[in-house]
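Comments concern the structure below.
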Amino acid sequence: MKTVRYQKLSIDGDSERVSYFSFLFFQWMNNIFKKGSEGTLEESDFMPLSRERSTEFFTNRLQQNWIEEKADRKGNKQRPRLWKSVIKMISLKDAMVIVLLYVISLLWRLSRPLFLGYLIYSLMNDAEPQKSLPLYGCVMAMGICAFIGVSGVHHFSYQCDLYGIGISSALKGLIYQKILRLNKTDILKFTTGHVIDLVSNDVQRLEDHTVLWGCSAILDFLLLIPIIVVLLMYFIGWQALMGVTSLFFLLPYFAGLSYVFAALRLRTATFSDRRISLLNQVISGIRAIKTHALEDEFREKIKRVRRDEINIIRKKSVALSAVAALEFTAVPLAMLVSIITLVLTGQPLTPLNVFMLLSFINAARQSVCFYVPYGLLGVYEAYFSLKRMEDFFLLEDLPESCHNHSIEGTLNTAESISKFIETVSNQRDRTVAVPSAVVRDEEDLPQLATLEVFILASKEKIHDDDFILQDVEFSLDSQTLTVITGPVGSGKSTLLSAIAGEVSVAAGTINCPFSLVYVPQIPWIYSGTIRQNILFGQVFNQDKYNRILEACSLTHDVRTFPNGDQTVVGELGAVLSGGQRARVSLARAVYMDADLYLLDDPLSAVDMKVSQHIFQKCIKELLSTKTRVLTSHKEQHMKEADRVIVLFKGRVLANGTFSELQEKSLCNTNLDVSCKKPVWDKISEVRFVAESENESEFKERAMIPQHQVKDLEISEEDCTIGSVTLMTYWDYFRSGLHTLAIVGLVCLFFIAQVMIVSPDVWLSFLTKKSKEEQKDKFNFIFYGCLVLGSLIFSSIRAYAFLRTLVRCSQRLHDKMVVAVVEAPVLFFDSNPVGRILNRFSKDVGYLDELLPKTFLTAIQLTLLISASTVVPTFTNPWVLFAVVPLAIIAVYISMYSLKTSRQLKRYQDVHTQSYMMVLASERWLGIRMTFLISFLIFTVALAAILVSQDAAFAGLGLVYIIESAEQMDFSVRKMAEVENCMTSAERVMTYTKLDHEPGYQVKQPPPKHWPLEGNITFQDVSLTYYPGGPQVLKNFNLHVEAGTNVGVVGRTGAGKSSLVAALLRMPDPQGVIKIDDVLVKDINLQEARRCVSVLGQSPVLFSGSLRENLDLVEQFQDLDIWRALEDVQLKELIESLEGKLDHQLLEHGANLSVGERQLICLARVLLHQRKIVILDEPTAHVDPDTEQTIWRVVREKLKDSTVVTIAHRLNTIKDCDMILVMKNGEMAEFNKFDSIVNELVDK
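According to the UniProt record's numbering, the residues represented by the sequence shown are 1 to 1243, in order.
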């Protein structure tokens, strides 16, 4: 006979088929469990996904539904509803399968009171029940039906949870796709924290059994409850309906609490967004925070936001405890109402009607007191979460053609390589209009289209009223070089962003030729190798690659790295210098081979010689067949450009060739003439700033064995194979409670469980009394007291436990913040920002939201099952002979399965495939536990017959053991979820134990008023950024007298910025560093850093008011702040902003230009007036006129400070007292400027 097989999984057209038996009992998971029990599971061991279960399939289905929903609503001028698109994802076939599985479980839930009633009836009326064959048939049927029915529950739950995973996967896919289609302006409206919270926590609402509980509640009210009402009327009478009716009175109570809970969740999300956004900025700007010793201030800012968040979570705990308290005490309340009604109407209380009634009410209770409240909680939370995602999805997309055309978003937002390749490959045959231009077909174009910008109005600064760009009109021919110049804040970067389609265009058109690449001012480097950053998923071509390396002046740098271009650069290019990051970013753009290149001043971060090399070899020669738009202040660039456009306050001030503009004196103030005089040319020729090695020296150094130097190792994601140990649980609870409090909490749980069971035990004794004795008021009073006691203790238990877990979460979060901000910078270089944020977003979200209610439910279910085992054993000790071996088998199976399921759970955040296997592993265990509990039901029932057990005790024992059959499944799943959530707690606790920078442990304060002068001494200082890494400083010796203005120059990567890192102890160097003869290692790290003001290469600002960014600790008067702003020529700009000093900046100061951000950071340095000031290329992003003013102010305002200026441009340091020339981490020269120049010229 041919075996009918079920097609379970398929991939690429191949299918792996399993039999019906294997499908029903999850036998197809056996190989996975075997491999997991024998060793470590790898991703290659996972079962393949069918196309219908893939994230791509779910995402495409939801996307199509959402497009249709928007189209339908657009016609009706109504707001599209995301929840409707989500509901439409379920097909008719899937719905029918879910309903069929539900019906199977429904038959068991309805038949179990009937089987129980027949058994009790036989025990009450048959003197020798052991001789009744129908009774044995009833016992056999109870065991078989229990197994079939609960197995149906497993498959019903499995299908619902798979649907929930599909929804969450689709929503994540839609969020990802939406990010690609948003322009820069709209992204600013949604902070990074908001988007991360959408993915980490809001999407989670659809995974957390919301579908299961919602479907169960709906189907129960359509089928289960009406049938129960009919059966109660038939078998017991209308009196029995009073208890069920009392359960219905709880529905408004649960609905109200659910709505309050969901509303509080929405408020919590607001604070979570703010907290995650703030943490993202702290982690991204950790070097700036450590440099200015602001760890304590930012920790307090995070703590304040966290405190507000926790206050709302505590209110949610009250609402949740009010629901959880009635979850298991609603049955005694309903029974009390029914019992009183029965007695008052003259109905005797017999084991038959009492325990049949108890069994029916248990079935109704599961629906009314579990599926309904938790279903409403889940649905309400999901609704509000979908509403938040809906707001995000309804942001205006880039024009479709522009989206396919623009590369800027890919280069700056770290999107996937595969998506980037697809974007590039799809854009070759397009001409783009932004935002409303007509797209012209290729055959209509006789040659490459020109770049046309016509009457553009852009509004990037979403908090300002004025347009940044107005009446900008120009047209550029193909294969030309255009330089855009202008003062700080004139709109240069905004113009390039608008052309790239990354800034909202209020009016006008932009016609672009085919494909474009945008190279931003601040380069983005991801945590991969140098080659990976350059190729960015493109096919490797050796000749092309080498030409680009040479053109971008990277050949020399690549050869000096430990592993060449296979060197891992760390998070955000941590092992690269600022100039190297800029060149890698440029090389990536050149490798893309686009038609239009938008270059936003990429040469400002490199020295003069390298700048000239890149401009000639790359921009002028390698890209000669491309259309190039370059922002620059350099005269050389303008002279060699085909066209120069001068911007001023967002308008085109001049447009023409350089000679034409010079005749009109329209660009003189914007020229950087640092290489204009012959002496600078002469110095450049002898490589004063640039490479000073000859070719033979270079080849000799390249022969140094590279195995002696290690590459930076990027930490792998934590996928620990072991279990969550009891010590982990203990440490978790100890983080929030004293040992005695933990013991008290455990005792409270057991006392509450005894109180919950006691009303049912009292009922078994009450049924043995005569009809007259049952009417005694004492019985009702005592029974009522037991019911009230169970309610009170259950409420206290739920609230105390939830409050405890919230307290643990709060303290662990605060400890983690402290540990992270005090961690060494190597930790941030070797761990991606996303991974660290995941601890504060998803893992903390689990501890705040998911773990408390899951843990509470798991413990309550475990205690209920324990009671379900103890009560039958107490009423019939013979049952113990079955309970003990079955318990041993259950423990063995559980331990066997946990070895695998724990490994699967640690992969479940990686991809959908492992998450689905986690669900399947839970069902595999559940099916086997169901078999054991079904056998126990059969054993208890059989023992009652064989020993002719008292009907009341038999009814009590069977009610509990039958109830545990279905609860066993849910208990196993909840305990598994608890362990899964505890892996989040484990990861958080791991982060609380991170190594601190050694200097934080030193409590010794510096001398009073230190430093008084500002002398700096380096003695044999060596520095490596990571263990085994290359030495960036080598036995460096230097003494700088107080008040000296020192200029530091050298080739990119020569060790200039490393000198600053050593002074600030990021990381701690070897050797001796003294400030005013005080060894900095001997004093507290923060105090040592507070004596130094640093302005780095990349300006760092944070969200909040402008005042906070300038004076976070509130130690200056407004007059001082305004004076500093006036010194850096920002007073007029700040006065024009809404709120002025209280003007709110976006994340990273995104609503200001890079140049404006740099000037604000400079104002902060001037404001603090510290004795030692480090200026690392402080004017790289400003125009020459502003630069001259700034240096005049620095000389005047910082004349009493020791100033160390790191520069690439000679004009920047020509007025310094002393010049330090760095070469390969060593001091090549230290002399006066004129002496060095004369020496070099003589050579």
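Virtual Cβ for every residue (Gly too), placed ideally from N, Cα, C.
If you draw a straight line from the alpha carbon of Asp397 to that of Leu180, how long is it in whole angstroms? 9 Å
On the criterion of 16 or more Cβ atoms from any shown chain inside 10 Å, does Asn533 qualify as buried, or is it exposed? buried
Would you grab the beta carbon distance between Cys138 and Tyr118 for me? Rounded to a whole angstrom, and I think it's under 8 Å. 5 Å
Close beta carbons around Gln159, own chain, < 8 Å, minus the five adjacent residues each side: Asp94, Val97, Ile98 and Leu101
Buried versus exposed call for Lys771 [16 or more other C-beta atoms within 10 Å across all chains shown]: exposed
Kindly indicate which three-state DSSP category Gln64 falls into: helix, strand or coil? helix
Return the chain-ordered list of same chain residues with a C-beta closer than 7 Å to the C-beta of Glu1226, the five sequence neighbours on each side being excluded. Lys1034 and Phe1036
Kindly indicate the opening and closing residues of the beta strand (DSSP E) around Gln1031. Gln1031 to Val1040
According to DSSP, what are the bridge partners of Arg651? Phe648
Which runs of the beta strand (DSSP E), 3 residues or longer, sit entirely within the stretch 1134-1180? 1172-1176
Extent of the continuous alpha helix (DSSP H) to which Glu1108 belongs: Leu1106 to Leu1110
Under a three-way DSSP split, which group does Met592 fall into? coil
Kindly indicate which three-state DSSP category Lys88 falls into: helix, strand or coil? coil
Residue environment, Ile756, which counts as buried when at least 16 other CB atoms sit within 10 Å: buried
Based on the DSSP secondary-structure assignment, which residues constitute the bridge partners of Thr529? Val568
Of the residues Arg1170, Ser964, Val629 and Asp471, the one placed nearest Trp1010, counting alpha carbons only: Arg1170
Closest Cα partner of Asp829 within the set Val575, Asp600 and Ile1174: Val575
Residue interval of the beta strand (DSSP E) (run including Leu162): It is not in any beta strand (DSSP E) - Leu162 instead sits in the alpha helix (DSSP H) that spans Leu133 to Arg181.
What are the complete alpha helix (DSSP H) segments, minimum 4 residues, inside the stretch 1061-1124? 1085-1090 and 1106-1110
Counting only the same chain and skipping the five closest in sequence on each side, list residues whose C-beta sits under 6 Å from that of Leu386. Leu82 and Trp83
Candidates Val1049, Arg928, Leu231 and Lys775, of which the one nearest Gly346 by Cα: Lys775
Could you compute how far the alpha carbon of Leu1101 sits from the alpha carbon of Lys290? 14 Å
Quick one: any contact between the stretch 302-311 and the stretch 237-246, if contact means 3 or more CB pairs under 8 Å? no
With distance defined between alpha-carbon atoms, name the residue in Lys88, His154, Lys77 and Val86 nearest to Leu106. His154
Is Ser897 a contact residue of the ligand NAD, with contact defined as CB to any heavy atom under 7 Å? This structure lacks the ligand NAD; in fact it carries no ligand of any kind.
Unbroken alpha helix (DSSP H) run spanning Ser1022, endpoints: Element bounds for Ser1022: not the alpha helix (DSSP H) but the beta strand (DSSP E), Ile1016 to Thr1024.
Measure the alpha-carbon distance for Ile1073 versus Pro1067 and round it to whole angstroms. 13 Å
Can you give me the C-alpha to C-alpha distance between Phe1230 and Tyr1026, rounded to a whole angstrom? 28 Å
Please state whether the Cβ-Cβ distance between residue 1261 and Ile1206 is less than 8 Å. With the chain represented from 1 up to 1243, any question about residue 1261 goes unanswered, as that position is not in the structure.
Spatial distance of Val211 from Gly834 (CA atoms): 29 Å
Please state the DSSP three-state secondary structure of Ser948. coil
Contact check, Met816 vs Tyr991, beta carbons under 8 Å: yes
Of the residues Leu603, Leu572, Pro562 and Glu571, which one's Cα is nearest the Cα of Ala582? Leu603
For the beta strand (DSSP E) holding Lys1223, just list the boundary residues, first then last. Met1218 to Lys1223
Quick check on the burial criterion: 16 or more other C-beta atoms within 10 angstroms. Buried or exposed for Cys552? buried
Since Thr475 sits in a beta bridge, which residues does DSSP pair it with? In the sequence as presented, Thr is not what sits at residue 475; that position holds Ser. Answer by DSSP bridge pairing, in chain order: Glu452.
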